[in-house]
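Chemist:
Spelled out as structure tokens, the structure:
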């Protein structure tokens, strides 16, 4: 019971209105440019004059027109904006394929130590031996967890790692005189980045259909293999949340045909410490440090995508990399022979290396394996609780870290998967991944991760079941109007794409354009 | 195992609900020979204080920029970041949010990106900017590919003033591409590119201030490129410079790529950084990376969404403009907050202060016997020619606790004519005492 200013308990009064929705704490925040102006600033700097500038007559004439805020205004603007965001710290993200696990704050604290945050990528190597040691230790953990021969740390994100891995494959084949191989096999269930990466490097993409059980048939791979095939890009566990049971046979078939096995490691979280991908025959695999090793997603990056490489590809690793020598650790910055050059300016995402290694040391070998097992346990628990109502397209084997459902339970209800997801928002949960993987019509992919307690999983499952029975009972309006409890109602994305407004303009500019 | 919520009893309850005898049974699809049977040769879990001690031990072996006089630049710059920035970006709702694919519960991130895009467009003087790329170097490679798509031509010229790492990244992306022409290093700031443009040229790539610190005449480059139907890609590695220098858009740039690290982001030994990309309105559908746009919700309220995603890999797969699937969100947030705190007034002061410190450094270097300053123009960075090779000099100064800059030979190997060159940067953090210490040390070690 709340207290009024006189200290007497207040009642609820005689108010008759709609249920509380928290809107009082969810402001409509104007844009930075509508609050600040070009005179205000939140930074005190001396106003120096320069007797003889060396700008060569290239001084700025175009007005900057950048709005400034004083410190209290900035603090409030960004705090108020932040309150319009869902986050893993405030609730579960059952986003299949995205691995939204807890982000430990020790990681953040360590990444901010001046010895990591305040060092320059080009200062003398003798002054950054601790940074090189950290990279060396991270590399050791990644190679040990995957049983591979080398790791290229520098890719900036998973898709960048894919690019690097496929570049290494291309370089290896060119070195063998097999540059004519122009086809990459990609199962239909693959992430969109896989075919995009292959096409980027000039490969044509050949799709491998999925079996009725959601996995890839080694026979289909064998049939697709030819002397023109450079590689297969296979996700394992796959995007249906299933471990590929024939992965070793697939690797052997691919190698027998002279091709390479690129493994999309987006789902390594399910098997870290339990299965070493090197034992499955992979040649290259990127590891999303922001998924498997708990570095924050930050509202869409930065990620980090180190790539582990088999002995066959190790000689093609890009620069820079750390090398142990008698006099200490060295940074090899220039490539030789057939090796790849540089794929980014400096050493990669050092800030993420610190966070990932901190996480690995915290969990340890035993903890990482337990985390993978708990992730799989949680997904199977959700599957077990929901499968009486939600249809499971591939029921034959237990799922790994994510449970795939389809929307056939919504047939004839008039409620779409998207409507269902938006209704989940009204119940306080971020939606699951929808319409992916493409091999399942109306896919709903739920990845709880190991971070969720049984209590949270039960709450989530209760809400899912409640919504499903609502939909089946024909309470369509709750779905079609959803969300109503979020800071915004359903957004008009078509309008945004038809006549894009991609920046703020002063009103006079907007009205001029309209005329 | 402090990050794992389950007790053994809860695990048992859950297994019972699943109907599985053990967690291991859930891994039944894994071929038996691939299951890890022995423990890995890695340590077991560790308490927070021991992990922290280990990490502090590693960090302590590094010489942080703040530990002494510091003149290292060459594509990454040490600037002051207000405490407010780092506090705000660590708020849960920013740090631990996912990509804003559900706009109704991601308006914070989306509005911030819209503000960020506006700031970048204004700073560069361009029509539109995207929601950021990995960093300046990969952004340059993406810009080259974008120009090829736009012009349907393939020849690309990279100026000798382009950061050598950026050049190497473009070469890496376009391996063995005969139509990619990298011009020789131009440490004197000499023009090298204009007479190489022909009507097969898709784009020229020019950096300003260039790698050696010289300010380049972008207007001349734009005119020469446009006369042949080629595009001008302008690269900026020190974004603070645009507080004082003319916006590339005002000179006719077609695509601007920049490294945004200098505003809001720490040095971090090279990453994560922040790629900025801006272009003309008519080119936006060929621009890679995420874009945030304004729209309304079902009640007509203004709101923001990711838009034009038909360019992107998750929709277009092999026909996408790029395979990129992230931006550099948190770095973009730090940039946007810092630039919001600066505002126009603050950015101009910051840029002027940087230039003033660099002028002081240049004047001081000019007094050292045997040192030749190569720059007639610069913003906050310059190149000197020493009477001896630069790398050992830098090593000697490092032993004295002075980080004196970047020897060009570290980036350009096998080019003896560049061995004596040293690139030095000054920022608002460079003090008179730092400069005095550098000069004294140089005079001591130079012959």
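Residue numbers (the UniProt record's numbering), protein chains in the order written: chain A, 1 to 515; chain B, 1 to 447. Every residue, glycine too, gets a C-beta built ideally from N, C-alpha and C.
Return the first residue and the last residue of the alpha helix (DSSP H) that residue 172(A) is part of.
Modeler: If you number the first chain from 1, residue 172(A) lands on position 172. Here the alpha helix (DSSP H) through residue 172(A) covers 158-175.
Chemist: Taking CB distances under 8 Å as the criterion, tell me whether residue 268(B) reaches chain A.
Modeler: Here residue 268(B) refers to the residue found at position 268 when the second chain is read from its first residue. So yes, residue 268(B) belongs to the interface.
Chemist: Residue 3(B) touches chain A at which residues, Cβ-Cβ below 9 Å?
Modeler: By one-based count along the second chain, residue 3(B) stands at place 3. In chain order: 101, 102, 104, 294, 359, 362, 363, 367, 371, 450 and 451.
Chemist: Is there a C-beta anywhere in chain B that falls below 8 Å from the one on residue 495(A)?
Modeler: Taking the first residue of the first chain as position 1, residue 495(A) is located at position 495. Residue 495(A) counts as touching chain B.
Chemist: Closer than 7 Å, Cβ to any Cβ of chain B: which residues of the segment 32-57 of chain A, in chain order?
Modeler: Result list: 32, 33, 36, 38, 39, 40, 41, 42, 43, 45, 46, 47, 48, 50, 53, 54, 55 and 56.
Chemist: Could you tell me whether the Cβ of residue 245(B) comes closer than 8 Å to any Cβ of chain A?
Modeler: Within the second chain, the letter at position 245 stands for residue 245(B). Yes - at least one Cβ of chain A is within 8 Å of the one on residue 245(B).
Chemist: Confirm, please, whether the CB-CB distance from residue 343(B) to residue 41(A) is below 8 Å.
Modeler: By 1-based counting over the first chain, the position of residue 41(A) is 41. By 1-based counting over the second chain, the position of residue 343(B) is 343. Yes; because the gap between Cβ atoms is below 8 Å, this pair is in contact.
Chemist: Less than 8 Å between the CB atoms is what I'm expecting for residue 307(B) and residue 235(B), so what's the real figure, rounded?
Modeler: Mapped onto the second chain, residue 307(B) falls at position 307. Mapped onto the second chain, residue 235(B) falls at position 235. Not confirmed; about 26 Å, so no contact.
Chemist: Would you call the CB atoms of residue 269(B) and residue 347(A) closer than 8 Å?
Modeler: Indexing the second chain from 1 puts residue 269(B) at position 269. Indexing the first chain from 1 puts residue 347(A) at position 347. Yes, they are a contact pair.
Chemist: Classify residue 409(B) as buried or exposed, calling it buried when 16 or more other Cβ atoms lie within 10 Å of its own Cβ.
Modeler: Walking along the second chain from the start, residue 409(B) turns up at place 409. Classification for residue 409(B): buried.
Chemist: Looking at the structure shown, is residue 49(A) part of a helix, part of a strand, or coil, going by DSSP?
Modeler: As a first step, residue 49(A) is located in the first chain; it is residue number 49 there, counting from the start. In the structure shown, residue 49(A) sits in coil (DSSP, three-state: anything other than H, G, I, E or B).
Chemist: For residue 86(A), which option in 85(B), 86(B), 81(B) and 110(B) has the closest C-alpha, if you only look at C-alpha atoms?
Modeler: Residue numbering aside, residue 86(A) sits at position 86 when the first chain is read from its first letter. Here the closest residue by C-alpha is 110(B).
Chemist: Would residue 323(B) be called buried (16 or more neighbouring beta carbons within 10 Å of its own) or exposed?
Modeler: Against the second chain, residue 323(B) aligns to sequence position 323. Flag for residue 323(B) reads buried.
Chemist: Output, in chain order, the set of chain A residues within a Cβ distance shorter than 7 Å of residue 98(B).
Modeler: Within the second chain, residue 98(B) is the residue found at index 98, counting from 1. Those within 7 Å of residue 98(B) in chain A are 93, 95, 98, 100 and 297.
Chemist: Whole-angstrom Cβ separation of residue 169(A) and residue 262(A), contact assumed at under 8 Å?
Modeler: Translated into positions along the first chain, residue 169(A) becomes position 169. Translated into positions along the first chain, residue 262(A) becomes position 262. Confirmed, about 6 Å.
Chemist: Exposed or buried, what is residue 209(A) when buried is set at 16 or more other beta-carbons lying within 10 Å of its beta-carbon?
Modeler: Locating residue 209(A) in the first chain gives position 209, where the first residue counts as 1. By the neighbour-count rule (16 or more Cβ atoms within 10 Å), residue 209(A) is not buried but exposed.
Chemist: I'd like the list of long-range same chain contacts for residue 319(A), defined as Cβ closer than 7 Å, with 5 residues on each side in sequence excluded.
Modeler: Indexing the first chain from 1 puts residue 319(A) at position 319. If we look at residue 319(A) and ignore the five residues flanking it on each side, its Cβ neighbours are 332, 333, 334, 335, 341 and 342.
Chemist: DSSP three-state call for residue 423(B): helix, strand or coil?
Modeler: Within the second chain, the letter at position 423 stands for residue 423(B). Residue 423(B) falls in the strand class under three-state DSSP.
Chemist: To the nearest angstrom, report how far apart residue 506(A) and residue 474(A) are at their CA atoms.
Modeler: Along the first chain, read from residue 1 onward, the residue named residue 506(A) stands at position 506. Along the first chain, read from residue 1 onward, the residue named residue 474(A) stands at position 474. If I take the Cα positions, the gap works out to 47 Å.
Chemist: At the level of alpha carbons, what is the spacing between residue 44(A) and residue 441(A)?
Modeler: Here residue 44(A) refers to the residue found at position 44 when the first chain is read from its first residue. Here residue 441(A) refers to the residue found at position 441 when the first chain is read from its first residue. Computed Cα separation, rounded: 57 Å.
Chemist: Within the 8 Å Cβ cut-off, does residue 442(B) reach chain A?
Modeler: In the second chain, counting from the first residue as 1, residue 442(B) sits at position 442. No, its Cβ sits nowhere closer than 8 Å to a Cβ of chain A.
Chemist: Tell me where the beta strand (DSSP E) around residue 204(A) begins and ends.
Modeler: By 1-based counting over the first chain, the position of residue 204(A) is 204. Element bounds for residue 204(A): 204-208.
Chemist: Would you tell me roughly how many angstroms separate the C-alpha atoms of residue 441(B) and residue 80(A), rounded to the nearest one?
Modeler: Indexing the second chain from 1 puts residue 441(B) at position 441. Indexing the first chain from 1 puts residue 80(A) at position 80. About 50 Å.
Chemist: Could you give the distance in angstroms between the alpha-carbon of residue 411(A) and the alpha-carbon of residue 431(A)?
Modeler: By 1-based counting over the first chain, the position of residue 411(A) is 411. By 1-based counting over the first chain, the position of residue 431(A) is 431. When rounded, the distance between both Cα atoms is 19 Å.
Chemist: Measuring alpha carbon to alpha carbon, tell me which residue in 117(B), 380(B), 194(B) and 86(B) is nearest residue 113(A).
Modeler: Translated into positions along the first chain, residue 113(A) becomes position 113. Among 117(B), 380(B), 194(B) and 86(B), the Cα nearest to that of residue 113(A) belongs to 86(B).
Chemist: Based on the DSSP secondary-structure assignment, which residues constitute the bridge partners of residue 330(A)?
Modeler: Numbered from 1 along the first chain, position 330 holds the residue referred to as residue 330(A). DSSP lists 323(A) as partners of residue 330(A).
Chemist: Per DSSP, what kind of secondary structure is residue 70(B) in: helix, strand or coil?
Modeler: Translated into the one-based positions of the second chain, residue 70(B) becomes position 70. If DSSP states are grouped into helix, strand and coil, residue 70(B) belongs with the strands.
Chemist: DSSP on residue 380(A), reduced to helix/strand/coil?
Modeler: Translated into the one-based positions of the first chain, residue 380(A) becomes position 380. Three-state result, residue 380(A): helix.
Chemist: Quick check: residue 293(B) and residue 304(B), are their CB atoms within less than 8 Å of each other?
Modeler: Against the second chain, residue 293(B) aligns to sequence position 293. Against the second chain, residue 304(B) aligns to sequence position 304. Cβ atoms of residue 293(B) and residue 304(B): closer than 8 Å.
Chemist: Any idea what DSSP makes of residue 65(B), helix, strand or coil?
Modeler: Along the second chain, one-based indexing puts residue 65(B) at 65. Three-state DSSP puts residue 65(B) in a helix.
Chemist: Can you confirm whether residue 397(A), when its beta carbon is compared against all beta carbons of chain B, has any partner nearer than 8 Å?
Modeler: Stepping through the first chain from its first residue, residue 397(A) is reached at position 397. With 8 Å as the cut-off, residue 397(A) counts as an interface residue toward chain B.
Chemist: So if DSSP puts residue 40(A) in a beta bridge, which residue, or which two residues, is it bridged to?
Modeler: For the purposes of this step, residue 40(A) is taken as the residue at position 40 of the first chain. None, per the DSSP bridge assignment.
Chemist: In this structure, how does DSSP classify residue 381(B) when only helix, strand and coil are distinguished?
Modeler: Taking the second chain and counting its residues from 1, one reaches residue 381(B) at position 381. The answer is strand: DSSP assigns residue 381(B) an E or B state.
Chemist: Please say whether residue 297(A) and residue 166(A) have beta carbons closer to each other than 8 Å?
Modeler: As a first step, residue 166(A) is located in the first chain; it is residue number 166 there, counting from the start. As a first step, residue 297(A) is located in the first chain; it is residue number 297 there, counting from the start. Their beta carbons are not under 8 Å apart, which means residue 166(A) does not touch residue 297(A) by this criterion.
Chemist: Of all Cβ atoms in chain A, is any one closer than 8 Å to the Cβ of residue 166(B)?
Modeler: Along the second chain, read from residue 1 onward, the residue named residue 166(B) stands at position 166. By this cut-off, residue 166(B) is an interface position.
Chemist: In the DSSP assignment, the alpha helix (DSSP H) including residue 105(A) goes from what residue to what residue?
Modeler: For the purposes of this step, residue 105(A) is taken as residue 105 along the first chain, with counting starting at 1. Here the alpha helix (DSSP H) through residue 105(A) covers 105-111.
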